[in-house]
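Inspection log for the structure reproduced underneath, given as structure tokens.
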Ligand SMILES: *Cc1c(COP(=O)(O)O)cnc(C)c1O
């Protein structure tokens, strides 16, 4: 049975071009900054994000962590969404390792945080309060339907942060999905931010790695923090080589994942017992609900799995499908047929 794996875009395996580039990569000791392939990837990433410098890190979580450690001191406060990946899925690492205090603000359905909510949460100078230091936004917003944040929204947040002396970090794990969906350069989406991370290992199909981008001073501090959390890698050109292929060959094709996501969403909307608003789907992430009486998400997920379709249960009545490089348009049709069958019982 051919499995259709819709759990995440992190399940993507390196392409043949990536494996070849990895095998052929010229390498050196990156802690000495002597890996030419890492250096090339970092230059390329910085250019793509419109920032002066970049740093290859082991994961998106590490990128967000070292970014917070480089922006904030102990006791400083970050302002971030209550549905954000940094708050939800990163073990509170910034608190555990950096003594950084997270202030969560409600995410709207579209992944934004209302600018007036951010502004109202910024602390005045008072000896009782932590010092507000950093705003974090997420683009695309994973837990908010994979919605892309527009350049205009991010610019508004950037201006407001600057006005109050705060920095802005974008968790751009899927910022290229946002760029492709909105039809703009990723650099335009990143322009208002002091720092931005993106993942090579999700929709772009590289096996490992994320890149953190910002100015030279910031990246120098982040490089120190990366070393302190054990992220100083040696012949990391093996990884970077796949990242270069990801950036050069795998960005534009994300549009296929978005089209497939849309087709899946429209199909799911027509299946009794499932609930979804297809108009909310703008990138590759499709959340949908089980509305059928007597069925919950884990039960539906188990039945789908028996028929070779893998999705992720994300709540008692909610599941997630993420379109990716290995899922074709034909697979989407096949998956929809399985969904229909499973929901008919
Ligand atoms: C996946 C993800 C991350 C973290 O990436 P890892 O490589 O899994 O550590 C951060 N932010 C968002 C929005 C993500 O989806």
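Numbering (our numbering), first residue to last: 7 to 351.
Each residue gets a CB set at the ideal place from its N, CA and C atoms; glycine is no exception.
Here the structure is a predicted model, which means the values were calculated and not measured.
Where are the beta strand (DSSP E) runs, 3 residues long or more, that stay fully inside the stretch 280 to 311, in chain order?
-> 291 to 296
Do residue 172 and residue 185 have their CB atoms nearer than 8 Å?
-> Start at 1 with the first residue of the chain shown, and residue 172 comes out as number 166. Start at 1 with the first residue of the chain shown, and residue 185 comes out as number 179. It is not a contact, given that the beta carbons lie outside the stated cut-off.
How would you label residue 208, buried or exposed, when you count the other beta carbons within 10 angstroms and need 16 or more for buried?
-> Indexing the chain shown from 1 puts residue 208 at position 202. Buried is the call here.
Please report how far the alpha carbon of residue 142 lies from the alpha carbon of residue 188, in whole angstroms.
-> Position 136 of the chain shown, counting from 1, holds the residue named residue 142. Position 182 of the chain shown, counting from 1, holds the residue named residue 188. Those two C-alpha atoms are separated by around 20 Å.
Are residue 32 and residue 217 closer than 8 Å when you measure CB to CB?
-> Within the chain shown, numbered from 1, the residue matching residue 32 stands at position 26. Within the chain shown, numbered from 1, the residue matching residue 217 stands at position 211. Not a contact, by the Cβ cut-off of 8 Å.
DSSP-derived helix/strand/coil call for residue 124 | Taking the first residue of the chain shown as 1, we reach residue 124 at position 118. Helix, per DSSP.
Three CB pairs or more closer than 8 Å across the stretch 87 to 99 and the stretch 43 to 60 | no
Tell me, please, which residues DSSP counts as bridged to residue 173.
-> For this step, residue 173 is matched to residue 167 along the chain shown. Answer by DSSP bridge pairing, in chain order: 140.
Please say whether residue 204 and residue 242 have beta carbons closer to each other than 8 Å?
-> Position 236 of the chain shown holds residue 242. Position 198 of the chain shown holds residue 204. Not a contact, by the Cβ cut-off of 8 Å.
Same chain, Cβ closer than 7 Å to residue 8, neighbours up to 5 away in sequence not counted = For the purposes of this step, residue 8 is taken as residue 2 along the chain shown, with counting starting at 1. Within the same chain, residue 8 has close Cβ partners 314.
Check: residue 67 C-beta below 7 Å from any heavy atom of ligand 1 | Start at 1 with the first residue of the chain shown, and residue 67 comes out as number 61. Yes, the beta carbon of residue 67 sits closer than 7 Å to at least one heavy atom of ligand 1.
Closest by CA to residue 66, which one among 145, 80, 117?
-> The residue given as residue 66 occupies position 60 in the chain shown. Among 145, 80, 117, the Cα nearest to that of residue 66 is on 145.
Does the Cβ-Cβ distance between residue 30 and residue 239 come in under 8 Å?
-> Counting from 1 along the chain shown, the entry for residue 30 is found at position 24. Counting from 1 along the chain shown, the entry for residue 239 is found at position 233. Not closer than 8 Å, so no.
Would you grab the beta carbon distance between residue 103 and residue 235 for me? Rounded to a whole angstrom, and I think it's under 8 Å.
-> For the purposes of this step, residue 103 is taken as the residue at position 97 of the chain shown. For the purposes of this step, residue 235 is taken as the residue at position 229 of the chain shown. So it is a contact: roughly 7 Å between Cβ atoms.
Could you pull out every unbroken beta strand (DSSP E) segment of at least 3 residues lying fully inside the stretch 194 to 238, listed in chain order?
-> 201 to 205, 216 to 220
By a C-beta neighbour count over all protein chains shown, 10 Å radius and 16 as the cutoff for buried, is residue 347 buried or exposed?
-> For this step, residue 347 is matched to residue 341 along the chain shown. So residue 347 ends up on the exposed side.
Give a yes or no on whether the C-beta atoms belonging to residue 85 and residue 127 are separated by under 8 Å.
-> Here the question's residue 85 lines up with position 79 in the chain shown. Here the question's residue 127 lines up with position 121 in the chain shown. Taking 8 Å as the Cβ cut-off, residue 85 and residue 127 qualify as a contacting pair.
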